[in-house]
Structures are given as structure tokens and as C-alpha cells.
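See structure below.
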Amino acid sequence: MNLVGGQIVTQAESQRILDTMSDRILSTLSREALNPKTVIEACDKLVHSMDDSAYLITMAKLGIGTEMGTRYLHEAKAMFNRDSLQARLVAELGPDYEQERKFTPLFGAESVRERLEPLGVLLHIAAGNADGLPAFSVLEGLLTGNINILKLPQVDGDLSVNLLLELIRIEPTLADYIYVFDYSSKDIVSIGKLMELADGVVVWGGDIAVSALRKAVKPNTKLIEWGHKVSFAYVTKQGATSEALEGLARHICETNGLLCSSCQGIYISSDDMQDVFEFCKQFLPILEKATMEIPSSTSVGMRAQITLQLYTLELEQKLVSKVFRGKGCSLMALENSNLETSIQFRNLWVKPLPKEKLLTTLRPHKNHLQTAGLLCGAQERDFLTRLLWKAGIVRVTSGNDMSSSYLAEPHDGQYPLRHYVRIVSAW
Amino acid sequence: MKYRHKLFSHRDLYNTIGTDELFFLSVIENLKFHIDNCSEYSQLLQHQGFHLSSLSSFDDLYKIPPLPTLFLKGHNMISLPYEKLMFKATSSGTKGTPKQVGLDLATSFAALQMVWRTFMYYRLVSPRPTNYIVLGYEPSRHNRMGAAQTAYATTLAAPALHREYALKDTGESYELNQDGIINALLRYEKQSHPVRFIGFPAYLLFLLEGLKEQGIKLRLHPNSKVFLAGGWKQFFQEKTDKQELYAMAEEILGIKEHNCKDFFGAVEHPIVYCDCKNHRFHVPIYSRIILRDVDTLEPVGFETPGIMNLITPLVGSMPLTSVMTDDVAVMHPGESCGCGIHSPWFELLGRAGLENIKTCAAGAVELLKGISS
């Protein structure tokens with residue numbers, strides 16, 4: 001679906017509009033800037049007037065069950081109501097984000113004025129891995145007063161466009177700040193034209209997408225990258241309590257290893273394989289129990305793939321020490337300490353990684369690390385948290401909370417809104 | 428390998444029940460050869476707790492640990508000195524290092540017998556000079572893909588007057604030769620010779636759609652044929668699409684459905700499966716297929732989806748006796764087809780895979796591999 005000026009337009013029309021985009025944008029830019037309050041109020045109205053059942057149906061089309069869908073809606077409502085959004089702006093841009101700051105600089109004679117201004121035009125190139133994420137990215141752009149052009153990912157149902165349409169219905173002035181185009185990623189000419197219009201390109205996606213854009217984006221355009229990340233759990237002897245492990249197992253089953261914050265594997269704080277085996281024996285029944293409690297709707301093709309991968313690994317004796325198979329889940333005890341993604345869907349690796357080797361093992365993965373679920377004793381926690389931060393991890397949580405978030409939490413170690421504004425001054 | 432010779436010289440292409448015992452003996456003979464000549468394979472079997480003595484009858488064939496395609500890609504296991512391998516082919520997979528399969532002279536001879544018997548059974552061998560449209564790669568020195576070689580070999584079933592390739596060799600790479608194909612077809616139509624199309628179903632579909640767009644309808648020689656192999660699932664969502672493709676072939680090329688043949692095979696299991704008149708793949712005497720449960724890998728019976736485990740004693744050069752592809756299929760009893768062939772037939776349901784699954788963690792896989800290896 002293509003969305004221009006608050007209207008859904010056809011693919012053919014969207015191509016024609018491309019040629020007049022520059023004029024449209026100049027006209028919007030010449031007007032009074034978009035006020036964050038207008039956006040916040042519209043969002044607040046949206047979350048309070050949301051027809052849950054309609055969104056549940058849209059989400060069902062994307063394969064999200066009612067229970068998960070209801071939870072998503074609940075989370076979305078908590079995140080996008082007036083208070084939350086205001087708190088987020090304050091946290092990220094400072095309490096006086098709307099005000100002009102007048103002051104006399106140190107050693108200066110005259111007073112100067114400083115304020116935040118939007119970057120201008122943001123082109124969002126969204127990935128299809130998180131539902132509704134494209135709309136979320138646009139919203140961040142709106143909150144900072146930018147004109148937003150969204151290139152839709154291939155898979156999005158119509159969730160994002162419907163959300164944005166609803167927002168425009170509530171607040172018609174937003175129509176000039178939201179454009180959605182459904183060009184194929186291969187349509188380099190059209191995407192190139194959109195990039196010409198943008199002050200900043202926001203890319204969500206894997207390394208392939210990020211590298212492609214690094215090459216394509218011109219030096220006069222800012223590139224803001226939200227790349228894919230890898231997360232894992234780090235478990236010490238003291239931390240392997242039943243309660244902590246149950247929490248980790250729940251997290252594994254709820255996210256199926258599919259999110260950037262999903263646990264791909266478990267590092268055991270030891271260099272003795274015997275400890276790794278012992279852990280697998282202890283954790284497998286806990287994981288099995290969680291697997292039964294949180295059923296997964298894995299397709300036949302996917303199950304076949306997982307089984308083939310596991311079996312192949314079993315044959316690769318050089319690498320695998322032992323595969324612990326459970327019902328609908330498995331743990332692979334491996335001798336090497338390399339960080340890797342797992343087979344996913346409740347199939348994880350377990351590897352030894354003594355804390356002395358943590359830094360050297362993880363450093364090569366700089367900028368790809370996100371969350372460490374840290375299961376350790378209270379006395380160890382501070383030291384290990386700092387060690388993980390040093391290694392490149394940006395979030396340290398309990399096993400249960402690896403994919404949870406808190407209000408105004410930084411995204412991959414950054415405050416996103418700060419990337420979408422510039423600080424202007426006059427004196 | 429006397430039992431292999433016996434099996435591959437057998438005349439009754441689909442008499443699987445009558446050849447079960449011979450097949451079993453032939454597999455034992457083949458396995459023993461690989462165990463004696465390929466130490467990596469024999470170690471692997473040992474590690475999986477398998478011994479030749481575990482096989483006491485035909486019903487034990489499932490006990491041979493099957494080698495998955497994924498595993499074969501990373502291991503070049505051979506049971507003969509490398510110089511003895513002649514026909515080398517790489518699997519057409521696009522990911523990972525291409526795996527090379529090589530066949531020795533004796534294996535190639537047995538394979539030739541099989542191809543000859545299959546083609547004769549379906550009356551696909553013809554002495555009439557024939558024009559060919561190859562919907563695939565032009566063979567060349569820099570292309571060792573199995574698909575290109577098989578396609579070329581198929582043009583030998585009837586003497587070739589001319590071969591036109593959809594992907595033409597430019598010396599360094601390939602370019603799409605759509606105009607060349609269309610011109611060749613217009614030329615072929617005027618000649619009084621049959622035309623044979625060989626290649627991937629998807630390419631045929633694209634060609635037919637292209638012809639339709641340009642308003643071209645051909646009446647090719649009535650003995651013209653379409654040979655298709657592989658790649659249905661990639662572009663076709665539903666089973667009925669196969670029928671639609673045949674209908675289009677009749678409408679646009681004038682080739683009747685009974686002249687359209689579909690083939691199934693894999694580089695790591697070089698057995699020819701040709702579809703019957705109902706377009707189903709029956710198991711020939713040269714192989715047996717066990718479908719395995721998608722979770723436990725235990726054998727499953729008829730009408731239950733499973734991962735394909737293909738068994739054949741054909742190959743002497745590499746331990747490909749029992750392999751497991753990424754195909755998920757379902758087996759049906761032979762009689763349920765109604766074509767008259769009694770051996771069971773299989774229906775391909777799709778490929779094992781996580782494609783189209785939304786994941787951001789997996790996006791980092793390639794990069795992580797680069798660092799860890």
C-alpha cells in the first residue's frame with residue numbers, strides 16, 4: 001500500500017507522485033514546524049480509541065495469536081499514551097526540549113540562543129522482522145517534527161499503514177508528514193530518488209541491508225543504522241538457581257530465538273566441559289516444561305529444518321560434544337566458545353566461557369552484541385555486568401527479562417530521538 | 428559389484444517388490460565397499476553405533492545412518508582415488524560451498540543403463556532428428572553444475588539438429604537469451620522436426636508468459652516434448668499450477684499434456700525419477716525411499732509427511748548409499764495412483780526451511796560465520 005497526503009494511492013500513482021515530491025516537501029517545510037504535542041495528543045487518542053479486535057485480526061494474518069496479540073496491544077498502549085511519550089521526549093532530549101535556551105557561554109561576551117530542530121526529512125527503510133515496526137519508526141520521526149517517508153518492508157500485512165492512516169484521521173495535519181511507498185527493494189531508481197529528498201536515512205535490517213545503504217547514501221545525507229544484534233545468556237554456578245533458569249526458559253519459549261534480544265545460546269562461566277554437560281542435564285527438563293506450557297506453532301517445513309540441522313551437527317563430531325534432545329527443544333553442548341546464532345525455536349547451544357576469556361571472545365563481535373541475560377550470584381553481579389558492558393553488550397538483564405523493556409529505554413545503546421534532531425544556534 | 432550389475436540390468440523398472448532381496452544384497456555390497464575404502468565414512472558409521480551386522484534383512488535398511496545434504500556439502504568423502512572420478516558435478520544450490528559429486532566409470536555405466544531403461548519405458552528415445560530448447564545453462568568449462576550437464580545429456584536421447592540455450596555462455600558469465608529462444612522457436616515451427624524443451628518448470632513458465640504477451644502461438648511438431656526437472660516449489664504455490672502449466676504448453680506451443688514429462692533427482696542421489704501418465708513419481712527398482720518423521724527422524728508410513736531419505740547402491744565413488752535431502756514429501760501406495768505401476772509414489776510437499784520466517788537474529792549469521800571461522 002502507498003500512502004500520500006493521507007490517501008491510499010495506487011502503485012502507478014505513487015510513481016507519478018515521486019516526481020512532485022520535492023515540491024510537496026518544500027511546501028511543508030516552509031510552514032510552521034510540527035509540534036511534538038500535536039503528535040503526542042494524536043497518539044494518545046489513537047491508543048484510547050483502538051479497536052482491539054480489528055488489530056487482533058490484522059495481527060492474526062501475520063501469524064500472531066490472540067494471547068500474544070493482546071499482550072502486544074497492551075504494551076503498545078502503555079508505550080504510546082500521553083505520559084509515556086512525554087517521558088520519553090524528556091528522557092531522550094532533555095526536560096527543555098521544546099524551549100529555546102539562551103545563555104552566555106563560558107568565556108563568551110554575548111548571549112547565544114540554542115534550540116532543537118528536526119533533521120528535516122527522514123527516509124525510513126524498515127525491516128519486516130518486527131510487526132508494526134515501520135509505523136513505530138515513523139512515529140519517532142514525527143515526535144521530533146520530521147517529515148517521514150517510509151519504504152515498506154515486503155512483509156508487513158497492512159498493520160503499519162493502517163496505524164498511520166488512523167493517526168492521520170485523528171490529526172489531519174499529520175498527512176503532510178507521512179508518506180508510505182511500497183517500492184520493491186530492488187527498485188533502486190525510486191529508492192534513489194527518495195534518498196535525494198532525505199536529510200537522514202533510517203535503516204532497519206541485517207548487515208546486508210546496512211552495508212548496501214552505507215554504499216548508496218551520499219555524504220550529504222545522514223545514515224542512522226538500527227542493525228540486527230545477537231544476544232545470549234551468561235550463567236555462573238551461583239546463578240543457576242531453578243527460579244532464574246525457569247525465567248530464562250520462559251524467555252526462550254516466548255521469543256523463539258527470533259528477536260535481537262532473544263537468547264541464542266548459553267555461556268557457562270567455566271572452562272570445564274563437565275560443567276557444561278551438568279548444566280545441560282539440569283536445564284533441559286526446565287526448558288522442556290516451558291516448551292509444553294508455551295506451545296509454538298512451528299510449521300512442518302521448519303521442524304524438518306531444525307531436525308536436519310541438529311542431526312547434521314550430531315554427525316559433525318569434531319565440533320559437537322553432545323546433543324541433549326528434549327521434546328520440542330534441544331541443547332547442544334559445544335566445546336568452542338564462538339558466539340553464533342542458534343538453530344532458534346528453542347534449540348540453543350551451551351558453551352564454556354570463563355570470565356577471563358570473555359573480553360577476547362566477544363570483542364570481535366563489536367556492535368553486533370545486544371543483551372546478556374546474566375544469571376549469577378549477588379556478589380558477582382556488579383563485576384560481571386561491567387565486564388559484559390566492556391565486551392560490547394549494551395543491556396544486562398535477568399534471564400526472564402532479556403526481551404522486556406522499560407519506559408524510555410535506550411535502543412541498542414542509543415537514544416534514537418537524538419539522532420533525528422539537530423541543535424541550531426544563533427548569536 | 429556383481430549385485431549392482433544385476434540390479435541395474437534388471438528389466439522390470441517398477442518391480443520393487445520382486446527386487447527387494449536383490450536391492451538389499453546390493454546395498455550391503457555397496458556399503459561394505461565404502462566402509463573398506465572411505466575411512467571418514469566408516470568412522471562416522473561407527474560413531475553412530477552402526478555396524479554392517481545391524482542389517483539382517485531388507486526391513487533393516489532404515490538403520491543405515493543417512494547423510495544429510497547439509498553434511499555432504501561440508502565433506503568431500505570419496506571411496507576411490509580422485510583420478511578415477513570422471514563425471515564431476517556440483518549441486519545447483521546457491522548457498523555455501525558447492526559440493527562436488529564425482530562418478531567413476533562403473534557407476535556411470537550403471538547409471539547409463541538406468542537412464543536408457545527409463546527413457547525406453549516412457550518411449551523418450553527417438554531416432555528422429557530433433558531441435559532443442561534448453562531452459563537452463565549452456566554447458567561450458569567454467570560451469571560444473573549438475574543441472575547443466577544433465578540437461579545436455581538429455582539432448583542425446585534424440586539426435587540434435589540444433590540446441591538453443593536460455594542462458595548463453597558469454598565466456599565469463601551467462602546472459603538471458605530470450606530473443607534467441609523466440610527466434611529459434613519461430614524457425615523450428617517451420618521445420619518438420621519435433622522440438623524438445625528441457626529445463627526448470629519456472630523457466631518454461633516465464634517463456635510461455637513471454638510468448639503469450641507477444642501474442643505468439645506455435646503449432647510445433649506433434650511429437651514434440653517438454654522435459655521438466657526440479658524447482659516447482661520455488662515459484663509454484665499450489666499443485667494445480669502444474670496442470671495450468673501443461674495447459675499453457677498445449678495452448679501456446681501445441682504440445683499435448685502426455686508429451687510433458689517431469690523428472691526428479693538430486694546430485695547426491697543420481698537416480699532418475701520420471702513421472703507416470705498421472706504425473707506422479709513412482710519409486711523405480713534402483714532406489715528405495717524412507718520418509719522420516721520431521722521431529723524424531725523415525726521412519727513413517729504412507730500418508731504421513733516426512734523428510735526424504737533416499738537409498739541406492741548405485742554410486743561406488745562416494746558413500747551416497749543413504750542420503751537425506753531437504754525435501755519433505757509424503758508416500759502413497761502404488762495402486763492409489765491408478766496408472767498401473769505398482770511401486771509406491773511420492774508427492775513433494777516442499778523444502779525444509781526457515782524461509783519467510785521473520786527473524787532479525789538470523790540476519791547476523793553470515794557475519795558471525797565470517798568472524799568465527
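In order, the protein sequence lines correspond to chains W and S. Just so we're aligned: the first sequence equals residues 1 to 427 in this note's numbering. Just so we're aligned: the second sequence equals residues 428 to 800 in this note's numbering. Even glycine gets a Cβ: it sits at the ideal position worked out from N, Cα and C.
Partners in chain S for residue i, counting only beta-carbon separations shorter than 7 Å
i, result
"Ala304 of chain W", "Val721, Ile734, Val755, Ala779"
"Tyr311 of chain W", "Pro495, Leu724"
"Leu163 of chain W", "The premise fails here: Leu163 of chain W is roughly 18 Å from chain S at the closest Cβ pair, so nothing lies under 7 Å."
Within-8 Å CB hit, residue i to chain S
i, result
"Gln414 of chain W", "no"
"Leu150 of chain W", "no"
"Val300 of chain W", "yes"
"Leu308 of chain W", "yes"
"Leu388 of chain W", "no"
"Leu287 of chain W", "no"
"Leu315 of chain W", "yes"
Outcome for residue i when other beta-carbon atoms lying within 10 angstroms are tallied against a minimum of 16
i, result
"Ala78 of chain W", "exposed"
"Tyr406 of chain W", "exposed"
"Lys351 of chain W", "buried"
"Ala333 of chain W", "buried"
"Gly529 of chain S", "buried"
"Lys37 of chain W", "exposed"
"Asp272 of chain W", "exposed"
"Ser453 of chain S", "buried"
"Asp365 of chain W", "Reading off the sequence, residue 365 of chain W comes out as His, not Asp. Answer is buried; the Cβ neighbour count reaches 16."
"Ile188 of chain W", "exposed"
"Leu603 of chain S", "exposed"
"Lys229 of chain W", "buried"
"Lys281 of chain W", "exposed"
"Val90 of chain W", "exposed"
"Ala378 of chain W", "exposed"
"Tyr509 of chain S", "exposed"
"Lys429 of chain S", "exposed"
"Val542 of chain S", "buried"
"Gln99 of chain W", "exposed"
Below-8 Å beta-carbon distance, residue i vs any chain W residue
i, result
"Met541 of chain S", "no"
"Met758 of chain S", "no"
"Phe498 of chain S", "yes"
"Leu471 of chain S", "yes"
"Gly520 of chain S", "For Gly520 of chain S, the predicted model reports a pLDDT of 43, less than 50, meaning its position is unreliable; a value from the coordinates is still stated below. For Gly520 of chain S, the answer is no, since every Cβ of chain W falls outside 8 Å of its Cβ."
"Met751 of chain S", "yes"
Residue i - partner residues in DSSP beta bridges
i, result
"Ala378 of chain W", "Bridge partners of Ala378 of chain W: none, in fact."
"His696 of chain S", "S:Ala693"
"Ile679 of chain S", "Beta-bridge pairing links Ile679 of chain S to no other residue."
"Gly326 of chain W", "W:Cys329"
"Glu774 of chain S", "S:Val757"
"Ala456 of chain W", "What is shown of chain W runs 1 to 427, which leaves residue 456 of chain W out entirely."
"Ser749 of chain S", "S:Ile738"
"Gln414 of chain W", "W:His411"
"Ala233 of chain W", "W:Ile266, W:Gly373"
"Tyr592 of chain S", "S:Val561"
"Ala656 of chain S", "S:Phe690"
Proximal residues of chain W, C-beta to C-beta of residue i below 9 Å
i, result
"Met745 of chain S", "Correct list: empty, because the minimum Cβ distance to chain W is about 16 Å."
Residues that residue i contacts on chain W, provided the C-beta gap is smaller than 8 Å
i, result
"Met504 of chain S", "Residues of chain W passing the Cβ test: none, with the nearest at roughly 11 Å."
key: Residues from the region 671-687 of chain S in contact with chain W, defined by Cβ distance under 7 Å   = none
request  = May I ask you to list, following chain order, the residues of the region 95-123 of chain W that have a beta carbon less than 9 Å from some beta carbon of chain S?
outcome  = none
ask   = For the region 542-568 of chain S, which residues have a CB atom closer than 9 Å to at least one CB atom of chain W, in sequence order?
value = none
request  = For the region 10-37 of chain W, enumerate the residues whose C-beta is nearer than 8 Å to any C-beta of chain S, in chain order.
outcome  = none
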